[in-house]
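Student:
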Amino acid sequence: MKAKKWLVRLFASIISILLVMALTVFIYDPYCYYRIPDNRLIVNNYRFLNAGIAKNADYNTVILGSSMTQNFNMDSFRTKLGMDPVKLSVGAMSIEGMELTYGLVDRVGKAENVFVCIDLPSLNKDKDDLETYATYLYNDTAFDDYKYLFGYETWMRLLPLNIAFNLADAVGIKLPSFYACKNIDDIGQWHSDATYDGEKIKENYMNNYTGVSAQNTVGVQTRMTKNADKILSIVCSDDTKNVILFFPPYSALYWADSMNQGLFEEYMMVKEYIVNQAEKMPHVAVYDFQPMDIISDLDNYKDITHYSAYINEEMVDCFSEKRYLVDSENISDSIANLKQIVDTFKKENAELFQ
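Taking the numbering used here, I'd label the letters of the sequence shown as residues 599 to 952.
(1) Should residue 763 go down as buried or exposed, given a rule of 16 or more other Cβ atoms within 10 Å for buried?
(2) Any idea which residues DSSP pairs residue 715 with across the strands?
(3) Can you look up residue 664 in the DSSP assignment and give me helix, strand or coil?
(4) Between the Cα of residue 792 and those of 748, 921, 775, 613, spot the shortest distance and give me the residue it belongs to.
(5) Compute the Euclidean distance between the alpha carbons of residue 665 and residue 907, then round it to the nearest angstrom.
(6) Kindly provide the ranges of any alpha helix (DSSP H) runs that are 4 or more residues long and lie completely inside the region 831-902, ordered along the chain.
(7) Consult DSSP for residue 687 and reduce its assignment to one of helix, strand or coil.
(8) Please report the distance separating the alpha-carbon of residue 767 from that of residue 782.
(9) Let me check understanding here. Comparing Cα to Cα, which of 842, 917, 916 lies closest to residue 883?
(10) Compare the C-alpha of residue 803 against each of 811, 849, 950 and name the closest.
(11) So, residue 780 versus residue 638, is the Cβ gap smaller than 8 Å?
(12) Could you work out which residue in 912, 915, 753 is closest to residue 616 when comparing CA atoms only?
(13) At a cut of 8 Å, does the region 739-747 reach the region 683-696 through at least three beta carbon pairs?
(14) Starting from the C-beta of residue 620, find all residues in its chain whose C-beta is less than 6 Å away, skip the five residues before and the five after it, and write them out in chain order.
(15) Just list the residues that DSSP pairs residue 923 with in beta bridges.
(16) Residue range of the alpha helix (DSSP H) that residue 674 falls in?
(17) Answer yes or no: do residue 712 and residue 833 have a C-beta to C-beta separation smaller than 8 Å?
(18) Reducing DSSP to helix, strand and coil, say where residue 905 ends up.
(19) Looking only at its chain, what residues have a beta carbon closer than 8 Å to the beta carbon of residue 800, apart from the 5 residues adjacent to it on each side?
(20) I'd like the list of long-range same chain contacts for residue 626, defined as Cβ closer than 7 Å, with 5 residues on each side in sequence excluded.
(21) Between residue 736 and residue 649, which are expected to be in contact by the criterion C-beta below 8 Å, what is the C-beta distance as a whole number of angstroms?
(22) Would you kindly report the start and end of the unbroken alpha helix (DSSP H) that includes residue 930?
(23) So the alpha helix (DSSP H) residue 770 belongs to, where does it begin and stop?
(24) Since residue 703 and residue 663 should fall inside the 8 Å C-beta cutoff, what is the C-beta to C-beta distance between them, to a whole number of angstroms?
(25) Kindly confirm or deny that the region 714-732 and the region 865-875 touch, where touching means at least three C-beta pairs closer than 8 Å.
(26) Helix, strand or coil for residue 540 per DSSP?
(27) Keeping to the same chain, check which residues put their C-beta closer than 6 Å to that of residue 940; ignore five residues upstream and five downstream.
(28) Closer than 7 Å by C-beta to residue 654: which residues in its own chain qualify, once you throw out the five before and the five after it? Chain order, please.
(29) DSSP three-state label for residue 739, please.
(30) With a CB to CB cut of under 7 Å and the five nearest residues on each side skipped, what residues in its chain are close to residue 823?
(31) Residue 953 lies in the alpha helix (DSSP H); which residues open and close that run?
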């Protein structure tokens with residue numbers, strides 16, 4: 599009899615603990631999975647937050663892409679483009695990550711406009727990275743929510759950080775802007791904590807530090823074209839949405855380096871292929887920001903690819919004014935302009951390439 603009572607009490611205790619754990623996660627909701635919090639710090643981890651934002655935010659426009667999209671000012675999309683946007687970005691977003699994220703956006707059905715950043719180097723990757731995503735957050739069933747309510751990432755990482763940051767904020771401790779995020783507009787934004795120094799970038803480059811991953815130089819065009827087709831099929835298949843593809847403006851030093859590696863021409867051929875394919879779909883527009891004059895000024899970059907929020911704002915202006923739109927007729931001119939900018943940069947900075 600005593601054993602039976604002990605088992606009953608043990609079972610009741612376990613159930614009580616699990617209920618408390620589930621209630622705690624539901625209240626704090628560090629992934630924004632059930633609701634978007636009001637004026638409470640959000641743990642700035644977009645890999646875990648994007649699914650909740652896609653489900654719970656109010657929007658008609660999605661900005662999908664890598665760290666190249668994270669410094670976009672959402673208010674600029676509202677005032678200059680008349681859109682109600684959300685960012686669903688992930689650093690070095692892969693094809694698989696884009697497919698997972700866009701699939702949820704498509705099923706939720708709020709987006710009328712989709713901006714998609716096309717990172718050409720990412721098309722040269724063939725590694726599946728879905729293991730870095732909490733994929734259970736992106737499905738339409740509640741049966742696996744236990745992974746969120748009781749999971750390791752929730753209890754060992756994001757929930758403790760969420761509670762600690764909010765306590766620190768409550769007592770007036772100043773946190774870096776990346777962590778002191780109270781608005782989903784600012785999730786992933788790194789501009790405020792970055793350092794922009796062109797001379798430092800040149801110094802790092804001369805010391806063989808670029809800040810970007812090494813590229814596979816074998817079978818580049820075949821691999822990139824295959825991945826380009828995947829992106830086009832993922833985000834362009836629904837002709838009820840306005841799709842805006844754009845190529846981000848890496849620095850002239852990045853493009854000079856890609857020339858030295860023998861990758862530049864491969865990248866340009868794939869870019870031209872994407873533009874030609876997109877032109878077959880009337881609901882798709884393509885912007886090529888890569889030949890912007892500003893790419894030669896390294897003081898606008900924190901490394902050879904990552905640009906400041908100032909450049910993001912220039913891009914929004916271009917969207918508004920329809921500048922740098924490309925199609926099959928002018929893409930070759932756009933590529934030629936980029937080559938000219940890079941050739942001039944190489945001549946003016948010959949010491950970097952000796």
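No residue lacks a Cβ here, since even glycine has one placed at the ideal position from N, Cα and C.
Tutor: From the atom records:
(1) Residue mapping note: residue 763 aligns to position 165 of the sequence shown, counting from 1. Buried, by the Cβ-count rule.
(2) Within the sequence shown, the letter at position 117 stands for residue 715. According to DSSP, which records beta bridges pairwise, residue 715 is partnered with 844.
(3) Counting from 1 along the sequence shown, the entry for residue 664 is found at position 66. Here residue 664 sits in coil by DSSP.
(4) Looking up residue 792 in the sequence shown gives position 194. Nearest of 748, 921, 775, 613 to residue 792, Cα basis: 775.
(5) The residue labelled residue 665 in the question sits at position 67 within the sequence shown. The residue labelled residue 907 in the question sits at position 309 within the sequence shown. Their backbone Cα atoms lie some 11 Å apart in a straight line.
(6) 850-858, 862-876
(7) Along the sequence shown, one-based indexing puts residue 687 at 89. If DSSP states are grouped into helix, strand and coil, residue 687 belongs with the strands.
(8) Position 169 of the sequence shown holds residue 767. Position 184 of the sequence shown holds residue 782. Roughly 17 Å between the two C-alpha positions.
(9) Within the sequence shown, residue 883 is the residue found at index 285, counting from 1. Of the listed residues, the one whose Cα sits closest to residue 883 is 842.
(10) On the sequence shown, position 205 is the one that residue 803 refers to. Among 811, 849, 950, the Cα nearest to that of residue 803 is on 950.
(11) Residue 780 sits at position 182 when you count from the first residue of the sequence shown. Residue 638 sits at position 40 when you count from the first residue of the sequence shown. Contact flag set, yes.
(12) For this step, residue 616 is matched to residue 18 along the sequence shown. Comparing Cα positions, the closest option is 753.
(13) no
(14) The count along the sequence shown starts at 1 and reaches residue 620 at position 22. The residues are 747.
(15) Locating residue 923 in the sequence shown gives position 325, counting from the first residue. Bridge partners of residue 923: 885.
(16) Taking the sequence shown and counting its residues from 1, one reaches residue 674 at position 76. Run containing residue 674: 672-679, per the alpha helix (DSSP H) assignment.
(17) Taking the first residue of the sequence shown as 1, we reach residue 712 at position 114. Taking the first residue of the sequence shown as 1, we reach residue 833 at position 235. Yes; because the gap between Cβ atoms is below 8 Å, this pair is in contact.
(18) Here residue 905 corresponds to residue number 307 of the sequence shown, with the count starting at 1. Looking at residue 905 - three-state DSSP - the assignment turns out to be strand.
(19) Locating residue 800 in the sequence shown gives position 202, counting from the first residue. 851, 896, 947, 950, listed in sequence order.
(20) Looking up residue 626 in the sequence shown gives position 28. Same-chain partners within the cutoff: 757, 760, 761.
(21) Here residue 736 is taken as the residue at index 138 of the sequence shown, counted from 1. Here residue 649 is taken as the residue at index 51 of the sequence shown, counted from 1. With a Cβ gap of about 5 Å, residue 736 and residue 649 count as contacting.
(22) Against the sequence shown, residue 930 aligns to sequence position 332. 929-946 is the extent of the alpha helix (DSSP H) around residue 930.
(23) Within the sequence shown, residue 770 is the residue found at index 172, counting from 1. Taken as a continuous stretch (DSSP letters only), residue 770 belongs to no alpha helix (DSSP H), as it is neither H nor E.
(24) The residue labelled residue 703 in the question sits at position 105 within the sequence shown. The residue labelled residue 663 in the question sits at position 65 within the sequence shown. No, residue 703 and residue 663 are not in contact; Cβ-Cβ is about 13 Å, not under 8 Å.
(25) yes
(26) No answer is possible for residue 540: it lies beyond the span of the chain, which begins at 599 and ends at 952.
(27) Within the sequence shown, numbered from 1, the residue matching residue 940 stands at position 342. Result list for residue 940: 850, 853, 854, in chain order.
(28) Within the sequence shown, residue 654 is the residue found at index 56, counting from 1. Contacts found: 630, 633, 634.
(29) Here residue 739 refers to the residue found at position 141 when the sequence shown is read from its first residue. Coil at residue 739, not helix or strand.
(30) The residue given as residue 823 occupies position 225 in the sequence shown. Excluding sequence neighbours, residue 823 sits near 868, 871.
(31) The structure shown does not extend to residue 953, since the chain spans only 599 to 952, so no value can be given for it.
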